[in-house]
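*Asks:* Next up is a structure, given as C-alpha cells.
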Amino acid sequence: MRVEVSGLTKSFGTVRAVSDLGFTVEPGSVTGFLGPNGAGKTTTLRMVLGLITPDAGSATFDGVPYAALPDPVGTVGAVLETAFHPARSGRDHLRVYCRAAGLPVSRADEVLTAVGLATAGRRRAGGYSLGMRQRLALATALLGDPPVLVLDEPANGLDPEGILWLRGFLRHLAHEEGRTVLVSSHLLSEMEQTADRVVIVGAGRLVRQGSITELRSGAQGAGTVLARTPDADRLAAVLGDAGMSADRGTDGLVTVTGATPAEVGARAFHAGVELHELRAETTGLEDLYFRLTAGQEQFAATSPTPEGAAR
Numbered sequence: 001m002r003v004e005v006s007g008l009t010k011s012f013g014t015v016r017a018v019s020d021l022g023f024t025v026e027p028g029s030v031t032g033f034l035g036p037n038g039a040g041k042t043t044t045l046r047m048v049l050g051l052i053t054p055d056a057g058s059a060t061f062d063g064v065p066y067a068a069l070p071d072p073v074g075t076v077g078a079v080l081e082t083a084f085h086p087a088r089s090g091r092d093h094l095r096v097y098c099r100a101a102g103l104p105v106s107r108a109d110e111v112l113t114a115v116g117l118a119t120a121g122r123r124r125a126g127g128y129s130l131g132m133r134q135r136l137a138l139a140t141a142l143l144g145d146p147p148v149l150v151l152d153e154p155a156n157g158l159d160p161e162g163i164l165w166l167r168g169f170l171r172h173l174a175h176e177e178g179r180t181v182l183v184s185s186h187l188l189s190e191m192e193q194t195a196d197r198v199v200i201v202g203a204g205r206l207v208r209q210g211s212i213t214e215l216r217s218g219a220q221g222a223g224t225v226l227a228r229t230p231d232a233d234r235l236a237a238v239l240g241d242a243g244m245s246a247d248r249g250t251d252g253l254v255t256v257t258g259a260t261p262a263e264v265g266a267r268a269f270h271a272g273v274e275l276h277e278l279r280a281e282t283t284g285l286e287d288l289y290f291r292l293t294a295g296q297e298q299f300a301a302t303s304p305t306p307e308g309a310a311r
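Laid out in C-alpha cells, this is it:
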C-alpha cells in the first residue's frame, strides 16, 4: 500500500510548522523520516494519521485519506507515543485494544511473541523499562496486521541488542512481508543500516527524498578515490600525467578526484605501482544529513569558547 503526502501545510498561529510538504512511501521498503528538532516531523505524522487537520494538502493510503479508511486498524498501525495504564499487564493492555477493534483476543499473545515480550506479557506495564514499553507500543500497532506502519522514534530506550532486533524486524516486515514502513528517527547511523529510502525535512519543507545511494551520488558529484601505496609520489605523478587530480596525504594515502577505483587501479598497474588499498570514498548518512539541513535547526548553539582562549 502506497502512502502519498501532497502539499501538506499547517500553521499554529503565526508559526508555520509544515509548508507544502510532499513525499511518497513505497510498499516493500523502510523509509526513514529525518529532520532537526522543530522540522515538522511529528506534525506531519499526525496529519497523515488524521489527528491534525491540515490547512492545505492531503495524505492518502492508496488514494484514501485515513479518516475514510473502512478498516483503519487493519490498514495502518501507528506508534506516536507510549501510554499504558501502569497497573495493567502488557497482555491485558493489548486485549483491551483487541476488544475495541473487534479483533480476537488471541491476537494479543501473537503480537507479544512477535516483539519478544511473550515472557513479560503478564507483568504490569508500569514496571516495564522504556525499551519494553517501546516493544509493547509496536505490538499494539501490529494488532490489526496492517500493511502500513507509521512509527515515531521506535528505537528510543532500546539497548544495542534491541536496536539490532528492531532493525531486522522492520526490514523483515518490509522486505519479506511487503509492508510499507515509515520511521521517524534521530539515530542516523541506525537509519543508514535500516532504511531503504529517506525523506529529509527542514523548517517544515522537503529538503530531499530518495535512496541513500541517490543522495550520496548527488552530494559527492565527481568520484573520489582513496589509494594507499608505498610509492605515493610516483602514483600521484602518474595520475597527474593522466589528467587526474591527485593529492598526497599521510601514510602513503593519495586522494584522487574525478576518477573511479578501476581507472586508478589500471593506471597504477600499468605504471608498476604497488597498491595496498584502493576504494571509493563514500559519504555517510550523518554527513549527508548535516549538509542538507545546515542552518535549519530550531535550537542552534555556538561552540563554547574554552576558558582563557583568545576571543
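Heads up, the sequence shown stops at 311 in full-length UniProt numbering, and the numbers go up one at a time, no gaps. Each residue gets a CB set at the ideal place from its N, CA and C atoms; glycine is no exception.
CB E263 to CB L226, shorter than 8 Å?
*Replies:* Cβ atoms of E263 and L226: not closer than 8 Å.
*Asks:* Considering only the beta carbon of each residue, do V111 and L94 sit closer than 8 Å?
*Replies:* In contact: V111 and L94 (Cβ atoms closer than 8 Å).
*Asks:* Looking at L117: is its Cβ nearer than 8 Å to the Cβ of R135?
*Replies:* Yes, the pair counts as a contact, with Cβ atoms nearer than the cut-off.
*Asks:* So if DSSP puts D247 in a beta bridge, which residue, or which two residues, is it bridged to?
*Replies:* The partner list for D247 (beta bridge, DSSP) reads T255.
*Asks:* What's the C-alpha gap between Y289 and G102?
*Replies:* Distance between the alpha carbons of Y289 and G102: 42 Å.
*Asks:* Can you have a look at G121 and say buried or exposed, based on whether 16 or more other CB atoms are within 10 angstroms of its CB?
*Replies:* Classification of G121: buried, given that the 10 Å Cβ count is 16 or more.
*Asks:* Can the beta-carbon of M1 be found closer than 8 Å to that of F84?
*Replies:* No, Cβ-Cβ distance for M1 and F84 is not below 8 Å.
*Asks:* Quick check on D152: does DSSP put it in helix, strand or coil?
*Replies:* In the structure shown, D152 sits in a strand (DSSP, three-state: E or B).
*Asks:* Reducing DSSP to helix, strand and coil, say where G204 ends up.
*Replies:* It is coil, neither helix nor strand.
*Asks:* Does the region 265-281 come close enough to the region 228-235 that 3 or more CB-CB pairs lie under 8 Å?
*Replies:* At 8 Å Cβ cutoff, the stretches touch.
*Asks:* Assuming V30 contacts A195 (C-beta within less than 8 Å), just tell me the rounded distance between them.
*Replies:* Sure, about 5 Å apart at Cβ, within 8 Å.
*Asks:* Which residues does DSSP pair with Q134 in a beta bridge?
*Replies:* Per DSSP, none; premise fails for Q134.
*Asks:* Count the other CB atoms, across all protein chains shown, that sit within 10 Å of the CB of V15; report buried if there are 16 or more and exposed otherwise.
*Replies:* Under this definition V15 is an exposed residue.
*Asks:* K10 to A56, Cα distance in whole Å?
*Replies:* Approximately 7 Å between the Cα atoms of the pair.
*Asks:* Using beta-carbon positions only, say whether R91 and D109 come within less than 8 Å of one another.
*Replies:* Yes; because the gap between Cβ atoms is below 8 Å, this pair is in contact.
*Asks:* Alpha carbon to alpha carbon, how far is P65 from A155? Give it in angstroms, no decimals.
*Replies:* Taking the straight line from one Cα to the other gives about 27 Å.
*Asks:* Taking the runs of the beta strand (DSSP E) that are 3 residues or longer, which of them lie wholly in the region 42-82?
*Replies:* Counting only runs of 3 or more, we get 56-61 and 76-79.
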